[in-house]
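Enquirer: So for the sequence shown, my numbering puts the first residue at 32; every next one is plus one.
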Amino acid sequence: MILVHSLFLVTNPITKEVLDSLTNCSHIIRWSATIIRWSATIIRLNDDLWTFSDEMKRGDVPNSINVT
């Protein structure tokens, strides 16, 4: 995603072919965003599972474990 955004910061002129190639690969960008979102959700739930008992002892704010 960073590469797509950095493309507009280069000094070379951007041609129509370059813009068309970005349009053609939009399904890959959406697919990658979905993978990142689900990976982040799994990591967040895993973190909540591991730290749940310690956070409850400290009286921390609710997390995804006791909200559901």
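Ideal Cβ placement from N, Cα and C applies to all residues, glycine included. In this text, all values refer to a predicted model and were calculated from it rather than measured experimentally.
If you follow the alpha helix (DSSP H) that I74 is part of, which residue opens it and which one closes it?
Expert: By one-based count along the sequence shown, residue 74 stands at place 43. Segment 57-89, the alpha helix (DSSP H) holding I74.
Enquirer: Could you tell me the alpha carbon to alpha carbon distance between D91 and T54, rounded to whole angstroms?
Expert: Translated into the one-based positions of the sequence shown, residue 91 becomes position 60. Translated into the one-based positions of the sequence shown, residue 54 becomes position 23. Answer to the nearest angstrom: the Cα atoms are 45 Å apart.
Enquirer: Rounded to a whole number of angstroms, what is the C-alpha to C-alpha distance between K47 and I59?
Expert: What you label residue 47 is simply residue 16 of the sequence shown in a count that begins at 1. What you label residue 59 is simply residue 28 of the sequence shown in a count that begins at 1. Here the alpha carbons of I59 and K47 stand approximately 20 Å from one another.
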